Structures are given as C-alpha cells and as structure tokens.
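Sequential numbering from 1 applies to the sequence shown in our numbering.
Just so you know, even glycine gets a beta-carbon here, dropped at the ideal spot from N, CA and C.
Quick caveat, the model's predicted, so the values are computed rather than measured.
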Amino acid sequence: MQGESLPQKELGRRSEPREPVDQYHSVELTVSSNQLIYQFRIWNISQKGMCILLKEDSAAFDHIHVGDILEMKYYPTESARPTEFFKTKIQHITKEETGRFKGHYLVGLLILNKQGLMETVPSDQE
Numbered sequence: 001m002q003g004e005s006l007p008q009k010e011l012g013r014r015s016e017p018r019e020p021v022d023q024y025h026s027v028e029l030t031v032s033s034n035q036l037i038y039q040f041r042i043w044n045i046s047q048k049g050m051c052i053l054l055k056e057d058s059a060a061f062d063h064i065h066v067g068d069i070l071e072m073k074y075y076p077t078e079s080a081r082p083t084e085f086f087k088t089k090i091q092h093i094t095k096e097e098t099g100r101f102k103g104h105y106l107v108g109l110l111i112l113n114k115q116g117l118m119e120t121v122p123s124d125q126e
C-alpha cells in the first residue's frame with residue numbers, strides 16, 4: 001500500500017490522509033549532558049503535520065531549537081514492534097494562543113532519511 005492514496009470515503013473526517021507516521025504513538029528525547037529523558041505523545045495534526053506538545057514552562061525548551069537535528073527514539077503503536085531511532089529535525093515551534101492547546105507550543109518534527117515513512121528534507125531547506 002506504500003505510495004497509494006486512500007479513496008476519499010476512507011479518509012473519515014480529516015481533509016487529508018494521515019501520514020504513515022501513525023505507526024508511532026510517542027517519541028523520546030535523551031539529553032546526554034545530564035541524562036534527562038523526555039517522552040512526548042506524538043500528535044498528527046493535519047495542518048501542522050507530526051508534532052509534540054510542550055507547556056510554556058517546559059525545561060525541554062533548553063534542549064531543542066528550530067533546525068536542530070536530534071536522534072530520537074520512537075515507540076510504535078503496536079507493542080510487539082521494537083522501538084526505533086531516527087534522526088529528527090525540529091521543523092517549527094509554534095505557540096498556540098487559543099483552542100484545545102492554549103498555553104502550549106506545538107513542536108513540529110520531521111523524520112529524516114526514513115524510506116517509505118516521510119520525505120527527506122529538500123536540499124534548499126538543509
């Protein structure tokens with residue numbers, strides 16, 4: 001099914017199909033300088049793509065910045081599958097002023113160089 005799009009009736013209420021990244025439910029970031037581990041639920045929000053949520057005062061902000069490429073550990077939705085490590089680019093950090101995520105920041109993630117999962121970053125964005 002790789003590379004095929006879903007028929008319109010199978011998309012449900014979403015205006016766009018979900019990315020194959022739905023096979024992961026959370027991601028872990030380890031800060032090697034002090035052995036801190038941060039684990040976040042992955043959100044697949046259609047307009048902003050795959051992201052994690054951070055509260056305004058999260059200490060994790062000391063360790064991530066837009067453009068950073070980090071080695072992150074991804075936990076699959078199917079518990080029988082092993083965790084996987086991917087180089088991941090921080091695409092954006094966007095403050096939510098209203099709605100469901102008010103008072104949080106959406107941190108956009110892009111998995112790099114994973115065949116069949118996400119596109120690699122175009123050369124003009126590196």
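{"Check": "Does DSSP classify Gly99 as helix, strand or coil?", "Outcome": "helix"}
{"Check": "Under the three-state reduction of DSSP, which class applies to Gln39: helix, strand or coil?", "Outcome": "strand"}
{"Check": "Given Ala60, which residues of its chain have a CB within under 6 Å of its CB, disregarding the five upstream and five downstream residues?", "Outcome": "Tyr38, Leu54"}
{"Check": "Give me, in chain order, the residues of the same chain whose beta-carbon lies closer than 6 Å to that of Thr30; leave out the 5 immediate sequence neighbours on both sides.", "Outcome": "Ile37"}
{"Check": "In the DSSP assignment, find the beta strand (DSSP E) that holds His63 and state where it starts and stops.", "Outcome": "Run containing His63: none; DSSP gives neither H nor E here."}
{"Check": "Could you say if the region 104-115 and the region 70-89 meet the contact criterion of at least three C-beta pairs nearer than 8 Å?", "Outcome": "yes"}
{"Check": "Could you tell me whether the Cβ atoms of Val27 and Ile42 are closer together than 7 Å?", "Outcome": "yes"}
{"Check": "If you drop the 5 nearest sequence neighbours on each side, which residues of the same chain put their C-beta closer than 7 Å to that of Cys51?", "Outcome": "Trp43, Ile45, Leu106, Val107, Gly108, Leu109"}
{"Check": "Look up Pro76 in the DSSP assignment and give the residues it is bridged to.", "Outcome": "Tyr24"}
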